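Chains A and B supply the protein sequences, listed in that same order. For the first sequence, the tail end lands on 314 under the working numbering, and the numbers increase by one without skipping. For the second sequence, the tail end lands on 314 under the working numbering, and the numbers increase by one without skipping. Following: one structure in structure tokens, then a few remarks.
Protein chains: 2
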Amino acid sequence: MSLLIVGSVALDNVATPFDKVENALGGSAVYISLSASYFSGPVHIVGVVGDDFPQNYITMLESHDVNCDGLQIIPGGKTFRWAGKYHYDLNTRDTLLTELNVFEKFDPIIPDTLKKSKYICLGNIDPTLQLKVLDQIDNPRFVVCDTMNYWIEGKKDELVKVFKRIDVLIINDSEARLLAHEPNLIKAAKAIRDMGVPALIIKKGEHGALLFTEDTIFSAPAYPLEIIHDPTGAGDSFAGGFVGYLHKCQDTSPECLKRAVVYGSTMASFCVEQFSTKGLEGLSNLRIQDRFREFLTISRFNEEE
Amino acid sequence: MSLLIVGSVALDNVATPFDKVENALGGSAVYISLSASYFSGPVHIVGVVGDDFPQNYITMLESHDVNCDGLQIIPGGKTFRWAGKYHYDLNTRDTLLTELNVFEKFDPIIPDTLKKSKYICLGNIDPTLQLKVLDQIDNPRFVVCDTMNYWIEGKKDELVKVFKRIDVLIINDSEARLLAHEPNLIKAAKAIRDMGVPALIIKKGEHGALLFTEDTIFSAPAYPLEIIHDPTGAGDSFAGGFVGYLHKCQDTSPECLKRAVVYGSTMASFCVEQFSTKGLEGLSNLRIQDRFREFLTISRFNEEE
């Protein structure tokens, strides 16, 4: 029962008020797969790069049990490039450059060996492509989907078609408000679930995350990070920890979904501690478990005896 | 062991995009005391009003076991008046009117019978007056203090003097950032505790609240409210539930502080469901307990067995 991840693979230039990196490894499929790999390797990615994509990045991914057989390498093509600059509070950023390059014509062809994948994570790509991925999968058991403002504003009809074929939608609070045209997040969540989404996760950055299912609202705390080096990839790392944990458990009960949200938050907290994917490289299960337990500690209270 | 609450008593005109009220009961001492009264009546307020203050408001407070013997009524004086208008998202508001009236010369005289009060809640008033209150109290056991941007910007030195004499400071996230000149809330909390505050609560509205003590960070969820009628008084209701519960328990251990934060959040959630103090009037212990348990339900997750 494979875990399949489809999304972007990119080379990023990222600047914060404190430091910067150039030609760093990035892209949704990269963050999701690295994060998920700690729970249930091998994970399989489908994406596209140019032949300018450094081999050592592929080597690093493979060393984390990320299978790159589905990564298309376009001869003579250039890899998707993104450049961004974060503001002082690290909550807002300016996009300085978006060069789609080979990603502009990305055709997500699922290798035959992955067409029976049971757990699918659709990174933030054109909903038309997300539908095309799902069309190639034979009876998936559990589909997790990300999206962004750009598709909510430009391709809402296609997005709603995607919603009817997924199990969990993961978006952030501003995306939820935009999607539902509703400032109250609880009402917005209800409206989004009414669009056909069985379970919805709303990420709130430094304020944690909310999970909405048919009968449950679950509020996960954020990890109390004092130092954030690079927020890039936090949302994708969340999605990776979430789906990786569920794939490992082969259990999608409400209790398991809650733990998966906390594992997602755990992986996002590691991600932002370093630039690019560095915070997700070379983690140990012990460190992940320890941090998961810290989430328990900071959120636990009891009724009087 | 009395619970003493010092703060403003006001007549408010409040408008939201959906409704409005005029000459409604308001003020920090009012919301704090009503909220606290459910845990440990009688609670005692010290404040000031003019003789225009409606007797039925005093009757309502007294019916909730709020003792108004320390409420100064200035003959010929006019009660403090505030008018505000909330924006569409109910998170931001414009102050339309602030008439201090008798509150401008408020001299918080603590009646002799209350000078041995052990639990004190200092509502959001001039830190010079907060100090004056503390000077009159004989060896308080537990002091909770609120403040606001206005005093942080204008009277920081006096405020820091207050900090050294209190047990818990309750402020919101923007006040914490302003006070510490630091956008990261976890760092801001550390800086504020370094000013001499033993325990700090940062309220984050729809995102819950954080409690910082020497050894603990506790993250409390927000109650998932779909409909908010009037956010006025939410912070004071929080403070009232917090200090009222602690006063009831006569226990200020970390576990008890955590529960108190959730009781504070519980009372704030009732407050915003109706205009003015209506959401805090006529509550039952059963409703309060039920809502407290809902906070448990939405925040609880477990490690795998």
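Glycine included, every Cβ here is placed at the ideal spot set by N, Cα and C. Just so it is clear, the structure is predicted and the values come from calculations on it, not from any experiment.
Within 7 Å of any Cβ in chain A, is that where the Cβ of residue i sits?
i	result
residue 111 of chain B	no
residue 310 of chain B	yes
residue 293 of chain B	no
residue 72 of chain B	no
residue 216 of chain B	yes
residue 149 of chain B	no
residue 267 of chain B	yes
residue 192 of chain B	yes
residue 235 of chain B	yes
residue 134 of chain B	no
residue 201 of chain B	no
residue 175 of chain B	no
residue 226 of chain B	yes
residue 271 of chain B	yes
residue 307 of chain B	yes
Given residue i, which residues of its chain have a CB within under 8 Å of its CB, disregarding the five upstream and five downstream residues?
i	result
residue 109 of chain A	89
By the three-class DSSP mapping on this structure, what secondary structure does residue i have?
i	result
residue 48 of chain B	helix
residue 216 of chain B	helix
residue 279 of chain A	helix
residue 246 of chain B	helix
residue 273 of chain B	helix
residue 71 of chain B	helix
residue 188 of chain B	helix
residue 148 of chain B	coil
residue 21 of chain A	strand
residue 259 of chain A	coil
residue 83 of chain B	strand
residue 194 of chain B	helix
residue 235 of chain B	coil
residue 311 of chain B	coil
residue 315 of chain A	Here chain A has residues from 10 to 314 only, and residue 315 of chain A is not among them.
residue 253 of chain A	helix
residue 163 of chain A	helix
residue 125 of chain A	coil
residue 173 of chain A	coil
residue 241 of chain B	coil
Cutting at 7 Å between CB atoms, please list the residues of its own chain near residue i, excluding the five before and the five after it.
i	result
residue 96 of chain A	102
residue 19 of chain B	35, 36, 88, 89, 90, 91
residue 107 of chain A	91
residue 94 of chain A	24, 102, 103, 105
residue 202 of chain B	209, 221
residue 99 of chain A	25, 237, 240
Quick one: what's residue i bridged to in DSSP?
i	result
residue 108 of chain B	B:90
residue 4 of chain A	Residue coverage of chain A in this structure runs from 10 to 314, which leaves residue 4 of chain A outside it and unanswerable.
residue 211 of chain B	B:180, B:219
residue 131 of chain A	A:15, A:154
residue 288 of chain A	Residue 288 of chain A pairs with nothing; no bridge assigned.
residue 227 of chain B	B:220
residue 95 of chain B	B:102
residue 58 of chain A	A:82
residue 295 of chain B	Answer is none; residue 295 of chain B lacks a bridge partner.
residue 30 of chain A	A:23
residue 35 of chain A	A:19
Using a Cβ-Cβ cut-off of 7 Å, state whether residue i counts as contacting chain B.
i	result
residue 252 of chain A	no
residue 196 of chain A	yes
residue 54 of chain A	no
residue 230 of chain A	yes
residue 180 of chain A	no
residue 98 of chain A	yes
Skipping 5 residues on each side, what residues in its chain have a beta carbon closer than 6 Å to that of residue i?
i	result
residue 67 of chain B	77
residue 151 of chain A	128, 176, 261
residue 256 of chain A	12, 49, 128
residue 283 of chain B	238
Mind reading off the beta-carbon distance from residue i to residue j? Whole number of angstroms is fine, and I expect it under 8 Å.
i	j	result
residue 132 of chain B	residue 245 of chain B	7 Å
residue 134 of chain A	residue 15 of chain A	7 Å
residue 169 of chain A	residue 205 of chain A	7 Å
residue 111 of chain B	residue 58 of chain B	7 Å
residue 52 of chain A	residue 42 of chain A	5 Å
residue 279 of chain A	residue 288 of chain A	5 Å
residue 155 of chain B	residue 179 of chain B	5 Å
residue 167 of chain A	residue 143 of chain A	That pair is no contact at about 12 Å.
Mind listing the chain C neighbours of residue i? Cutoff is C-beta to C-beta under 8 Å, in chain order.
i	result
residue 209 of chain B	This model lacks chain C altogether, as its protein chains are A and B.
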